[in-house]
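Under numbering that gives the first Met the number 0, residue 151 is the last one in the sequence shown; the count climbs by one each step, no gaps.
Yeah, the Cβ is synthetic: ideal placement off N, Cα and C, and Gly gets one too.
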Amino acid sequence: MKRIALIVIRVIWRLPYWWGYKVNKYKHIDKYSADERYGFIHQVVAIVTRKARVELECYGVENLPKKSGYFVAPNHQGLFDPLAIFQTHSRPIRAIVKKELASVILVKDVIKMLEFIPMDRSNVRESAKIIKYVANEVAAGKNFFVFPEGTR
Numbered sequence: 000m001k002r003i004a005l006i007v008i009r010v011i012w013r014l015p016y017w018w019g020y021k022v023n024k025y026k027h028i029d030k031y032s033a034d035e036r037y038g039f040i041h042q043v044v045a046i047v048t049r050k051a052r053v054e055l056e057c058y059g060v061e062n063l064p065k066k067s068g069y070f071v072a073p074n075h076q077g078l079f080d081p082l083a084i085f086q087t088h089s090r091p092i093r094a095i096v097k098k099e100l101a102s103v104i105l106v107k108d109v110i111k112m113l114e115f116i117p118m119d120r121s122n123v124r125e126s127a128k129i130i131k132y133v134a135n136e137v138a139a140g141k142n143f144f145v146f147p148e149g150t151r
């Protein structure tokens, strides 16, 4: 928790620019490509990682397909895990997130901007539809991740 407080203190002065201008700009997914929107988040995460004084060591990236169209299901041990995913994936990657996150301030904007898919974990029928949709998207060349252990 101390690390998160440290990150907030170090980057809080950038938040008005990031969310006031950039996130609102890139929320218009019809105007900006996935690469442009993801590139912005990739830059933000790089700054946050540096300000948090975290060195990421990523193993296994070489095992990902050279072409897009893959699904990653890492474990979810802490709050920094989504940032690690963004930092280590240079290509756009979307996520399946719990529905509750779609109403959290700031997070809901990122969910919309990066076209994440909110899932109601208690609704099995909706979950099956989302899984089928994601399977089709992966077959079409999109990248996805989900934290199957995530309950945070």
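What separation, rounded to the nearest whole angstrom, lies between the Cα atoms of L63 and Y69? Here residue 63 refers to the residue found at position 64 of the sequence shown. Here residue 69 refers to the residue found at position 70 of the sequence shown. Roughly 8 Å between the two C-alpha positions.
Which partner residues does A94 have in the DSSP bridge list? Here residue 94 corresponds to residue number 95 of the sequence shown, with the count starting at 1. In the DSSP output, where bridge partners are listed per residue, A94 has F144.
Coil, strand or helix - I84 by DSSP: Stepping through the sequence shown from its first residue, residue 84 is reached at position 85. Note: I84 maps to helix in three-state DSSP.
Quick check on Q76: buried or exposed, where buried means 16 or more other Cβ atoms within 10 Å of its Cβ? Reading the sequence shown from its first residue, position 77 is the one you call residue 76. The residue is exposed, with fewer than 16 neighbouring Cβ atoms inside 10 Å.
Start-to-end residues for the beta strand (DSSP E) that takes in I116: By 1-based counting over the sequence shown, the position of residue 116 is 117. Taken as a continuous stretch (DSSP letters only), the beta strand (DSSP E) holding I116 covers I116 to M118.
On the DSSP bridge assignment, give the partners of F70 in chain order. Translated into the one-based positions of the sequence shown, residue 70 becomes position 71. In DSSP, F70 forms a bridge with F143.
Are three or more beta carbon pairs between the stretch 130-147 and the stretch 44-53 nearer than 8 Å? no
Among L82, V60 and K107, which residue has its Cα nearest to the Cα of F146? Here residue 146 corresponds to residue number 147 of the sequence shown, with the count starting at 1. When each option's Cα is compared against that of F146, the closest is L82.
Since V123 contacts V22 with CB under 8 Å, what's their CB separation in whole angstroms? Counting from 1 along the sequence shown, the entry for residue 123 is found at position 124. Counting from 1 along the sequence shown, the entry for residue 22 is found at position 23. Actually they do not touch by this definition, with Cβ atoms about 33 Å apart.
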